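A short write-up of the structure that comes next.
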Amino acid sequence: MKPEHIRNFSIVAHIDHGKSTLADQLLLKTGAITERQFREQILDDLDVERERGITVKARAVAIHYTPPEPGSPTYELNLIDTPGHVDFHYEVSRSLAACEGALLIIDAFQGVQAQTVANAYAAIESNLEIIPVVNKIDLPVTRVDEVLEEVETILGLDASGALKVSAKKGTGVEDVLDAIIQRIPAPNGDPKAPLKALVFDSKYDPYRGVITYLRIAEGTIRKGEKIKFLKAGTTHEAIELGQFRPGMVECDQLGPGQVGYIVTGIKELGNVHVGDTVTHAAAPTSSPFAGYKDPKPMVFCGMFPIDATDFEKLREELEKMSLNDASFSFAPETSDALGFGFRCGFLGMLHMEIIQQRLEDEADVGLIQTAPNVTYEIAKRDGEVFLIDNPLDVPDVGRIEEFREPIARVTFILPASNIGVIMQLCEDRRGVYKTTEYLGPERAQLIYELPLAEIIYDLHDKLKSATRGYGTMDYEVIGFRAADLVKMDILVKGARVDALSTIVHRDMAERRGRQLVKKLKQEIPKHQFEVALQAAIGARVIARETISAYRKNVTAKCYGGDITRKRKLLQKQKEGKKRMKQFGQVEIPQKAFLSVLEAGNED
Amino acid sequence: MVTPLSTPRAAYVHVPFCAHRCGYCDFTLVAGKDHLAGRYLAALEQELRTLGQPREVETLFVGGGTPTQLAADELERLLELMREWLILTSGGEFSVEANPAGLTEEKVEALHRYGVNRVSLGVQSFSAPLLEVLERDHREADIERAIERLRGGIENISLDLIFAVPGQTLENWRETLQRAIDFGPDHISTYGLTFEKGTAFWARRERGELLSADDALERSMYELAMDLLPEHGLRQYELSNFARAGRECRHNEVYWAGLGYYGFGPGAASYVEGVRRTNHRSVTTWLKRMEAGDSAVGESEELSIEGRAREAIWLGLRRTRGIGRKRFRESFGVDLEVLAGETIRRQVDAGLIDTEGDRIRLTREGRLMADTVAVEFL
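In order, the protein sequence lines correspond to chains A and B.
Heads up: the first sequence at position 566 corresponds to 566 in this note's numbering, and the numbers run straight through without jumps.
Heads up: the second sequence at position 124 corresponds to 1124 in this note's numbering, and the numbers run straight through without jumps.
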């Protein structure tokens, strides 16, 4: 395929603005899939993603398209899919690096949202040709003109060439195909130059091992050649070569501008580095790509098997997860309360929920998950500086010189009438105000610097409820900052439950402590004795609640017709008990360990 | 010896009619559809016919709904049908549930004539405000009149009472119990009000319009019944049932002993040869199925030998006499110790179970926490 007949592009959008539907339409219109195969979000091959309507793992599909004009050549359009959510920024930028252009989709009613901005900026930074696409023009109420104005004022893009489509109905999809060919530059590159290909993604296949996604910049790669990963320094054979159309289709070679995959026999995802350069082992390129940093997990939580004998099984399951997701990490940890388990690291809250959901769906292991926390940096008096990802690792107060927490720059896009509420929300969460910008008479962009811990605590939920769903946010961690932080412990019937310990700001400790024990009181069932719940900093108790004793638990009526139903009810109670963890005499249900997070929804 | 697999010696017939559905009720019934009575009786005959031949039983129980909601001639037709298919042995127990309102002389006379010797009267409360909360259609005067009429020929009278009604005080419950005792019944059942999913009460409680009784108050009420009734000769023989010696409901004891029984009518359950079948709970579905000659069974389960034995433990513990180890082994073919020895010891340590000679039974505290105990034996 000649480079002038190749176009490499991404689709970027705020969540639910219709990215996947448009991708499906492009496949359908070009015959890559049949009407029969056309199903919602065909690119999202994980159930979790379909449920959430978001694409987590980047995919690359080669579409062959011949425009209807007589004499038109056949083009190869490589659609490189990207995830849309804040947690996966990193994957967005590395996907964009493999493209020359991007379709920026904006909902015809909702307009520019926080992730539209983040994604558009990422595309601008990657020097891509951006084609704004206003989607959902079939909606009964649209604001197309205002949306186009937002594109110009907020994003600084020329909206005169914006396309208007309905991905759902298929309206305007031909215009999109034309624009891709007419406006996105063809890749350039010398097919005879030394091979230089960018690794922009990888995935694990249980039969073939690691499948590496490549974008060829220069030279040509052929099946059976000896190739070299420059950064990793490893040499392999290109056992299999191919493209996604959208199923894997083998080919003999890939030339400049083309996008495809190689199978090299590598078994572990960790051995393939996104951003690495693939070249010929015999005649390597002299100008490799700069490469990427590996993404650092910022959010951590403990995962423990309810049944201690499931520990190894859980390890296997976590290993499976990390095979497919290099940004997920885990390491063994021990808790007095929960026994042996794992400290797991995630890019963000959504990433955590996805992994957790997948474990629930795929693994037959009863899990207790502790409330998530961020990474902290601690400078000790003796000069040592280190990161901790577990509240239990906080050293004695006397030895801490400085306790530092990650700070994020948060961009909100919201109805102007909600600015006050959101500012209050941020102030309450130790935010530092940066700027406000009006995007039109009714919408504004608000920027704050907030501790990441406050963001994962409840900010997103609060934003959604305060703006009735119209506010969106995006964040980026900008560094660590010192703060007056303390470890807060929870005592249940006098004994500290280490898995419930959290790190909080001293000024908020009392309020959080009160909320937390109140929430725990709702989560922990009554026992045959009183159960005292206390929040404490060191030896000082700052909040207390008591769960009164169960006084009566007996079903009055139990005759012939009731027995089966009654037994099923009891069975359910028993299942519920199984999901609880025994601490001394007290049984604590799984859910209670997440109370730390939900406690904030009460005020 | 009678074991769970022996041919049933007990039969239940469900009459699904009521004038009105009370807010707490989740039983199988239709309210205000008395015109279906004819179809119901015809369908019931269909179902009885599936027996193939008349069966001899030692206990019969007609429950509802409100069996006495049937008009006198319909009631007679029902009793006639039962006489045809379910032959009561001499000395057998024949119970019918009745509602104080609308229990006419004529109906009582019919019950008597067909050999009904036990009536369970749905008193629930004597207090007008509480009867109103419960949405019952009778008042105190109806209760007095009904008992008076029953005395004419029914030898064994039982009164049903409900406690932990929203707004009820411990004092009111004491008066309720005393008032019931004063009528000199042979049997009293006391039921703590439960909020069942799907009922109006449940929805109202969800919306915060109705408050369930405080846990501690409910406990005190139950304890009061356990103290007061035996003082007047009504010994507790099951978690919710009190009776004079020899007046225990023999039919209900079949359920708690894990023995077999037949069941007819919508929602009724049978337990024959280790298989428990529950008829469809929708009255109209049951009717249509019977009319079409289909099976009435909505759900059926065959318990394993162990499942049967485990069920018999928590059911058996509902009786104050508890479970005899020897008898248990003979009936269920498995030793109680092997099946649940460890659990029993834990419950003994927790003060919820007592062992005495061959028997295990719930302690007084155990009776208050019977479900907590039951879960352990599943």
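The beta carbon of each residue, even a glycine, is placed where N, CA and C say it ideally should be.
Keep in mind the model is a prediction, meaning the values are calculated, not measured.
Positions along the segment 578 to 591 of chain A whose CB lies within less than 8 Å of some CB in chain B: none
Please decide whether A/Y65 counts as near chain E, where near means a Cβ-Cβ distance under 7 Å. Here the protein chains are A and B, and chain E is not one of them.
Contact check, A/S327 vs A/P295, beta carbons under 7 Å: yes
How would you label A/I6, buried or exposed, when you count the other beta carbons within 10 angstroms and need 16 or more for buried? Counting Cβ neighbours within 10 Å, A/I6 comes out buried, since at least 16 surround it.
Could you check whether the Cβ of B/G1366 sits closer than 7 Å to any Cβ belonging to chain A? Taking Cβ atoms only, chain A never reaches closer than 7 Å to B/G1366, which makes this a no.
For A/D484, which residues of its own chain have a beta-carbon under 8 Å away from its beta-carbon, when the five flanking residues on both sides are left out? Around A/D484: F403, H505, R506, D507.
Can you give the Cα-Cα distance for A/Q424 and A/K196, rounded to whole angstroms? 52 Å
Which class does B/C1022 belong to by DSSP, given the choice of helix, strand or coil? The answer is coil: DSSP assigns B/C1022 none of H, G, I, E or B.
Given that A/Q528 touches chain B, what residues does it touch there, using C-beta distances under 8 Å? A1350, M1369, T1372
Interface residues of chain A around B/S1240 at Cβ under 7 Å? Result: A556, K557.
Name the chain B residues that come within less than 9 Å of A/Q571, Cβ to Cβ? V1375, L1378
My output table needs one value for B/V1348: the three-state DSSP class, helix, strand or coil. Three-state DSSP puts B/V1348 in a helix.
In this structure, how does DSSP classify B/P1016 when only helix, strand and coil are distinguished? coil
Counting only beta-carbon separations shorter than 7 Å, does A/R551 have a partner in chain B? yes
contact_flag[the segment 425 to 443 of chain A, the segment 388 to 397 of chain A] where n(CB pairs < 8 Å) is 3 or more: no
Going along chain A in order, which residues have a C-beta closer than 8 Å to the C-beta of B/E1337? Per Cβ cutoff of 8 Å: no residues; B/E1337 is ~21 Å from chain A at best.
According to DSSP, is A/D607 part of a helix, a strand, or is it coil? Residue coverage of chain A in this structure runs from 1 to 603, which leaves residue 607 of chain A outside it and unanswerable.
Same chain, Cβ closer than 7 Å to A/K566, five either side skipped, listed in chain order: T555, C558
For B/S1095 and B/S1120, which I take to be in contact (beta-carbon distance under 8 Å), what is that distance rounded to the nearest angstrom? 6 Å
Taking the alpha helix (DSSP H) that A/L230 belongs to, which residues open and close that run? Taken as a continuous stretch (DSSP letters only), A/L230 belongs to no alpha helix (DSSP H), as it is neither H nor E.
Minimum C-alpha distance to B/L1228 - residue among B/R1364, B/T1355, B/A1269, B/L1177: B/L1177
Using a beta-carbon distance below 7 Å, is B/Y1012 in contact with chain A? yes
Neighbourhood of B/R1308 by C-beta distance below 8 Å, restricted to the same chain and skipping five residues each side: P1004, G1258, G1274, F1332
Can you find the residues in the same chain that come closer than 8 Å, C-beta to C-beta, to B/S1300, ignoring five residues on each side of it along the sequence? For B/S1300, where only same-chain residues beyond five positions count, the Cβ hits under 8 Å are V1275, R1276, R1277, T1278.
Quick test of your reading: A/L605 and A/V133, contact by CB under 8 Å. State the CB separation rounded to the nearest angstrom. Since the first residue shown for chain A is 1 and the last is 603, residue 605 of chain A is missing from the structure and cannot be characterised.
May I have the straight-line CA-CA distance separating A/I588 from A/I15, to the nearest angstrom? 36 Å
Which word fits A/S548, buried or exposed, when buried means at least 16 other C-beta atoms lie within 10 angstroms of its C-beta? exposed
Quick one: is A/Y433 buried, meaning 16 or more other Cβ sit within 10 Å of its Cβ, or exposed? Exposed, by the Cβ-count rule.
DSSP has A/Y448 in a bridge; who is on the other side? A/V410, A/Y433
Taking the alpha carbon of B/E1148 as the reference point, which residue from B/A1200, B/R1009, B/A1101 has its own alpha carbon closest? B/A1101
C-alpha gap between A/L104 and A/I266, whole angstroms: 35 Å
Shortest alpha-carbon distance to B/Q1236 belongs to which of B/I1188, B/G1122, B/G1065, B/R1009? B/I1188
Go through the segment 1233 to 1318 of chain B residue by residue and report every complete run of the alpha helix (DSSP H) that reaches 4 residues or more, in order. Taking 4 residues as the shortest admissible run, the segment 1233 to 1318 of chain B contains the following complete alpha helix (DSSP H) segments, listed from N- to C-terminal end: 1250 to 1256, 1283 to 1291, 1305 to 1316.
Collapsed DSSP secondary structure at A/I354 in the structure displayed: helix
Distance between beta carbons of A/L450 and A/P429, contact taken as under 8 Å: Looking at the sequence provided, one finds Arg at residue 429 of chain A rather than Pro. Going by Cβ atoms, the distance from A/R429 to A/L450 rounds to 6 Å, so yes, they are a contact pair.
Which of helix, strand or coil does DSSP assign to A/I131? strand
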